[in-house]
Structure formats: structure tokens, C-alpha cells
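full-length UniProt numbering puts the first residue of the sequence shown at 1, with every later residue one more than the last. C-beta atoms are modelled at their ideal positions from N, C-alpha and C, and glycine is treated no differently.
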Amino acid sequence: MDLGLNGRIAVVVGGSKGIGKGAARALAAEGCALFLLARDAAGLEATAREIAAEFGVPVTPIACDVADAASVRRAAAEVAAAAPRINILVTSVGTAIRRQDRTITWDDADWQADIEIKVTGVLRVIREFEAMLAEDGSGRIVNVTGASGMMAWMPALNYGMNNAAVIHATRYLAADLAGRQITVNTVVPGIVGTEWRQGWAGGMAGDQPPEDWLREFCGGKGILARRWARVEEIGDAIAFLASARAGYITGTQLVVDGGLTANVR
1 MDLGLNGRIA VVVGGSKGIG KGAARALAAE GCALFLLARD AAGLEATARE IAAEFGVPVT
61 PIACDVADAA SVRRAAAEVA AAAPRINILV TSVGTAIRRQ DRTITWDDAD WQADIEIKVT
121 GVLRVIREFE AMLAEDGSGR IVNVTGASGM MAWMPALNYG MNNAAVIHAT RYLAADLAGR
181 QITVNTVVPG IVGTEWRQGW AGGMAGDQPP EDWLREFCGG KGILARRWAR VEEIGDAIAF
241 LASARAGYIT GTQLVVDGGL TANVR
């Protein structure tokens, strides 16, 4: 299926690794020129070189910390100087679950650190980039949230609240930007085999073969597929929502979780 993305310009925030990198690769495979934003300048440059070499599209890395308003503003200005109009904005930002103890016992600084990245960070990015989005029907915002925003995932109180907040913001912004023919949606993954998750699973498996431990873990969590998602599968979902094929989809959540939130008991 031709997604109609060839020649479009995409900004992927959090594009150096994980789901963001998966999104960047999926968009590049469809012929999009890319601006990749992330905090890790060295990792970002390596990813940009890799994608440009593999897919033959222009890829520009821009170091950016979404927890710093001035950093986001500078990144947006750099993009605007090179491409006054963009078609796609993907926000794949957030942190791993930082602690396993009861979130309600955390101090304010730990709560706020997550909120600054996942919630306020996403809003900062959209605030600075929304004026650049094309208003010819090709403008797309795709936020990446998580299944914890739709269910209670122990012990991820802060993590889940932040995802739920971005899901709500997605609906709000879909209405806010509808008059400019810009769609806003969120992809909602379950557990995804990112670089961090792979290291985590290896440590949790102990002496058991990692694939056996993972199958048991995913099954125990209610994932019907009994596996986690591949990064590429989430990237493909993002590319679809960013595409010409998804022009009538806005204000909604595309759940890609292997059946986790089906809540089968």
C-alpha cells in the first residue's frame, strides 16, 4: 500500500532510539525527509547517519531537551530556518519507569521530573511546531503514549497519569487544530522491545532463557499475543497515522498492545 508520504517532511522528537527511531525508520522508508530531535547528540547523529545511508533521504539531527523550553524553541527555529513548512510531527518522549516503589511516596521533585518530560515536554513541542504544520490536509501530529494511560499498571502511577494526560491532550488538540486540516492522534503501545526493555528483560530472566521468561511474563500480564511488540510494528502504526491514508482519522487512539487492554479474565 502506498502511504502517500514520499517527499513529505517529518519532525520526530525522541528519534535517536526506541519507538522514536522506529518511527523515523518507517517514515524514511516511505520517502520522508527527517528532522530528528533528542537529548543525546552523539546517539542522535549516529541514528541520522544510519537512516540516511539506508534509505537515501535527508536526515538532520538537532539536539533538544524537551524539559527545557528554550532548547525546544531553539530546535524549532533551526527547523523553521531549513523548512518553513513541515507535514508531520511525531512526539515520542518520556522516561523509563524510574523506580519500583510506591509512587505515592515519592517526593515532589521525582513526580515533577516525569511530568516535565512526558506532559509539559509534549505540549512545549507542539506549541513551538504547530505553526509550521501544513494546512493543506497533510498536517499530522502523532503522539506516542502507552497502555498504562488506559489501565492501572502496577507500580506505574506517575507513568500512567502522564500517558493519560497526553491522550486527553490529543483529543483536545484534534478539535483545536481541525479548522486548519491538521489531524492529531496517539499511538498507544503496550510493552515494546526497545533497547531499554531488552536489557531489562535479560536481567529479569536470570538463568531462564530470555524468550521463555518473556513469554511467561507477557502471558501473565494478559497480553494475548504472549510477546512484546517489535519497535518496527509501532513505527508502522505511526507512519500509517501520518499518511495520506489516515486523513479521516483524528482525535483517537490507535492501540497496538497485543491484546493487553482487552482485559480478558
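Handout entry: Outcome for residue 195 when other beta-carbon atoms lying within 10 angstroms are tallied against a minimum of 16
Key = Counting the other CB atoms within 10 Å of its CB gives residue 195 a total below 16, which places it among the exposed residues.
Handout entry: Cβ pair residue 60, residue 82 closer than 8 Å
Key = yes
Problem - Runs of alpha helix (DSSP H) wholly within the stretch 192 to 256 (minimum 4 residues, chain order) - result: 195 to 205, 210 to 220, 231 to 241
Problem - Bounding residues of the beta strand (DSSP E) (the contiguous stretch that carries residue 9) - result: 9 to 13
Exercise for the section: For residue 30, count neighbouring C-beta atoms within 10 Å of its own C-beta (all shown protein chains included) and say buried if the count is 16 or more, exposed if not. Expected result: Here residue 30 is buried. Its C-beta has 16 or more other C-beta atoms within 10 Å.
Problem - Beta-carbon proximity check, residue 125 vs residue 188, cutoff 8 Å - result: no
Problem - Beta-bridge pairing of residue 63 - partner residues as DSSP gives them - result: 38
Handout entry: Cutoff 6 Å; reference residue 116; Cβ partners in own chain excluding five residues on either side
Key = 67
Handout entry: Whole-angstrom distance between residue 251 and residue 167, CA atom to CA atom
Key = 9 Å
Problem - Limits of the unbroken beta strand (DSSP E) element including residue 139 - result: 139 to 144
Problem - Burial state of residue 173, where buried means 16 or more other Cβ atoms lie within 10 Å - result: buried
Problem - Opposing strand residues paired with residue 164 [DSSP bridges] - result: The partner list for residue 164 (beta bridge, DSSP) is empty, contrary to what the question assumes.
Problem - Distance, residue 91 Cα to residue 78 Cα - result: 17 Å
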